[in-house]
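So for the sequence shown, full-length UniProt numbering puts the first residue at 1; every next one is plus one. Have a look at the structure below, then the notes.
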Amino acid sequence: MIPCYLYALALSALTCFVAQARRIVAVGDLHGDLANSRKTFRMAGLIDDDDRWIGNDTVFVQTGDVLDRGTDTIALYDLLRKLRDEAPATGGEVIPLLGNHEVMNLIGDWRYVTRQEIDTFGSYEDRVKAFRLDGFLGEYLGELNMTAVVDGNVFCHGGIDINFAKLGVDTINSFVHEDMPVVVGQHKDPHGVFGEQGPTWYRGWALDKEPGVCEAVQQTLSILKADRMIIGHTPQLDGQILTRCDGKIIVIDIGLSWVYGGHAGALEIDGEKLTAIYKSGRVDLTPSRPPPFVHQELR
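Here it is in structure tokens:
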């Protein structure tokens, strides 16, 4: 089995499939807040007080937007990379994904970058170098994928609409890596995967009205051969994970960063059982009826 963070480097295995049903923890947008990120990871049983991986065989998915708004960009990426390296020793896996803010910084869109955050790099010029595709952060971000599939759960930052679903996760991720140098170097998006309808920017599943959206969601999941889609990107300012369409869409951007109120929390998936993990305790999010399509084909 190829670890999900390496699969983009393997020409014959572009989709991230985890071979066995394991506990999954998903965390949404971090936006530069190391303290609340560490608090969340500890609440979810992923790290100890020394930030060492203790998640055993848990699959930990972070759906992007690690940076911007807050100041802890370097420390957060260092922590995620460290956990990614430590987790396989106990059968675990850490899957970081691209968000729209990762892409924005790669193309030089710094509208949400603070002066204090720039200072953590040393200087403006040092930050520019860091986000070049051969820089210490740009190279890392260039390895990441836009979406992953773990045991019938599709993860991405904004959402995969029905048109991109028809391309398939393999093709989406292939286009990401094929087009990244063009997007960064020429600000062109040959296949549209980095655009407003692409998986890092799309908000339809979080905002479109029910019940109409649910039929489209079901069609999309059927195309993807998945049970549900877990997304970030659209902040839930009440600090609560949002479930829609009988749990087929789960929005996990709960405003973790202090900029949005500092709502620490994570989603836990254990088979068909869905649980929100908050500072106040655990909340069962399992729908009263399971999704009609249960994905069994694992590879």
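Even glycine gets a Cβ: it sits at the ideal position worked out from N, Cα and C. Remember, predicted model here, so these are calculated numbers, not experimental data.
| message | In this structure, how does DSSP classify Tyr202 when only helix, strand and coil are distinguished? | response | In the sequence shown, counting from the first residue as 1, residue 202 sits at position 202. If DSSP states are grouped into helix, strand and coil, Tyr202 belongs with coil.
| Beta-carbon proximity check, Ile223 vs Ala206, cutoff 9 Å | Here residue 223 refers to the residue found at position 223 of the sequence shown. Here residue 206 refers to the residue found at position 206 of the sequence shown. Cβ distance not < 9 Å, so Ile223 and Ala206 don't count as in contact.
| Which class does Asp253 belong to by DSSP, given the choice of helix, strand or coil? | Mapped onto the sequence shown, residue 253 falls at position 253. Looking at Asp253 - three-state DSSP - the assignment turns out to be coil, as it is neither helix nor strand.
| request: Could you confirm whether any beta carbon from chain D is found closer than 9 Å to the beta carbon of Gly64? | output: Judged by its chain identifiers, the structure shown contains no chain D, having just a single protein chain.
| said: What residue range does the beta strand (DSSP E) around Thr243 cover? | reply: On the sequence shown, position 243 is the one that residue 243 refers to. That run of the beta strand (DSSP E) goes Leu242 to Arg244.
| field | Residues near His191 by beta carbon distance below 7 Å, same chain, minus five either side | value | Here residue 191 is taken as the residue at index 191 of the sequence shown, counted from 1. Non-local beta-carbon contacts of His191 in its own chain, meaning distances under 7 Å to residues more than five positions away in sequence, involve Phe175 and Asp179 in chain order.
| task | Could you pull out every unbroken beta strand (DSSP E) segment of at least 3 residues lying fully inside the region 160-228, listed in chain order? | result | Counting only runs of 3 or more residues that sit fully inside the region 160-228, no beta strand (DSSP E) segment turns up.
| said: For Arg42, report the span of its alpha helix (DSSP H) as first-last. | reply: On the sequence shown, position 42 is the one that residue 42 refers to. Membership of Arg42 in the alpha helix (DSSP H) is indicated by the continuous run Leu34 to Met43.
| task | Let me know if Ser280 comes out buried or exposed under the rule of 16 or more other beta-carbons within 10 Å of its beta-carbon. | result | What you label residue 280 is simply residue 280 of the sequence shown in a count that begins at 1. It counts as exposed.
| request: Please name the residue, chosen from Ser288, Ile277 and Thr286, that lies closest to Gly45 on a Cα-to-Cα basis. | output: Residue 45 sits at position 45 when you count from the first residue of the sequence shown. Closest option to Gly45, Cα to Cα, is Ile277.
| query | In terms of alpha-carbon separation, which member of Val213, Gly239 and Ile249 lies closest to Arg228? | reply | The sequence position of residue 228 within the sequence shown is 228, counting from 1. Just measuring C-alpha positions, the residue of Val213, Gly239 and Ile249 sitting nearest Arg228 is Ile249.
| message | Taking only three categories from DSSP, how would you classify Gln116? | response | In the sequence shown, residue 116 corresponds to position 116, counting from 1. If DSSP states are grouped into helix, strand and coil, Gln116 belongs with the helices.
| field | Where Pro88 falls: helix, strand or coil (DSSP) | value | Translated into positions along the sequence shown, residue 88 becomes position 88. For Pro88, the secondary structure class from DSSP, reduced to helix, strand or coil, is helix.
| task | With DSSP as the reference, label Arg69 as helix, strand or coil. | result | Start at 1 with the first residue of the sequence shown, and residue 69 comes out as number 69. Looking at Arg69 - three-state DSSP - the assignment turns out to be coil, as it is neither helix nor strand.
| query | Do you know offhand how far Leu14's Cα is from Gly64's? | reply | The residue you call residue 14 lines up with position 14 of the sequence shown. The residue you call residue 64 lines up with position 64 of the sequence shown. Model confidence at Leu14 stands at a pLDDT of 48, short of 50, so the residue's coordinates are unreliable; what they give is reported in the following sentence. Looking at the two C-alpha atoms, the distance is approximately 19 Å.
| query | Skipping 5 residues on each side, what residues in its chain have a beta carbon closer than 7 Å to that of Gln219? | reply | As a first step, residue 219 must be located in the sequence shown, where it is residue number 219. The residues are Ile162.
| query | Under 9 Å, do Tyr112 and Asp68 count as touching if we go by C-beta distance? | reply | Residue mapping note: residue 112 aligns to position 112 of the sequence shown, counting from 1. Residue mapping note: residue 68 aligns to position 68 of the sequence shown, counting from 1. Yes.
| DSSP three-state call for Glu102: helix, strand or coil? | As a working note, residue 102 is residue 102 in the sequence shown. The DSSP-derived three-state label of Glu102 is helix.
| query | Should Asp253 go down as buried or exposed, given a rule of 16 or more other Cβ atoms within 10 Å for buried? | reply | Numbered from 1 along the sequence shown, position 253 holds the residue referred to as residue 253. Around the beta-carbon of Asp253, 16 or more other beta-carbon atoms lie within 10 Å, marking it buried.
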